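The sequence shown runs 0 to 119 under numbering that gives the first Met the number 0.
Here a beta-carbon is modelled for each residue, glycine too, at the ideal position from N, C-alpha and C.
As the structure is a prediction and not an experimental result, all values here were calculated from the model.
First the structure, in the form of structure tokens, and then the observations on it.
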Amino acid sequence: MIDPNSYATGTPERLMADWLSCWKQEEWDKMFNLTSKTWRGSEELPELFEVEYYSRKLLGAEIIKKHAYENEVDFKIRVYYFYAGTTTPKEKVFFLGVFREGAPGTLSSTVDWVVDPDLV
0 MIDPNSYATG TPERLMADWL SCWKQEEWDK MFNLTSKTWR GSEELPELFE VEYYSRKLLG
60 AEIIKKHAYE NEVDFKIRVY YFYAGTTTPK EKVFFLGVFR EGAPGTLSST VDWVVDPDLV
């Protein structure tokens, strides 16, 4: 599993690791609060969270690739999980975007990093 303490506080890597740690620990409120304002405003949130996260027990994760831009970092991550009620491990590769969101939907270099789970 990716250890949040191996990254400096305030970095996109730390946020990505914190978000995955929340998923593993099933800290849904904390995980939700790390997402972007734009994403939090979506009407489909409860359903998406239930399908994508609540139903999957995260076992571990690893970074495959990272692309950094000025105010955005995209992580290609492999996660290992099993669905609730099963014991068969599965894996999935997905992209997790971390960016600095000013007003909803805009980038800014002066604010904290947030997660865009839409890439998952």
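- Looking at the backbone, the Cα of N70 and that of G101 are separated by about 11 Å.
- Around the Cβ of A16, a 10 Å sphere holds 16 or more other Cβ atoms; the residue is buried.
- The alpha helix (DSSP H) runs lying completely inside the stretch 38–97 and spanning 4 residues or more are 44–48, given in chain order.
- In the DSSP annotation of this structure, the continuous segment of the alpha helix (DSSP H) that includes D17 starts and ends at P11 to Q24.
- In terms of Cβ geometry, K56 and F81 form a close pair [threshold 8 Å].
- The stretch 83–90 and the stretch 104–115 do not touch, with fewer than 3 CB-CB distances between them shorter than 8 Å.
- Around the beta carbon of S54, fewer than 16 other beta carbons lie within 10 angstroms, which makes this residue exposed.
- Its chain contains L58, Y79, Y80 and F81 as the residues whose beta carbon lies nearer than 8 Å to that of P88, once the 5 sequence neighbours on both sides are disregarded; these appear in chain order.
- In this structure, R99 sits near V110, with a CB-CB distance shorter than 8 Å.
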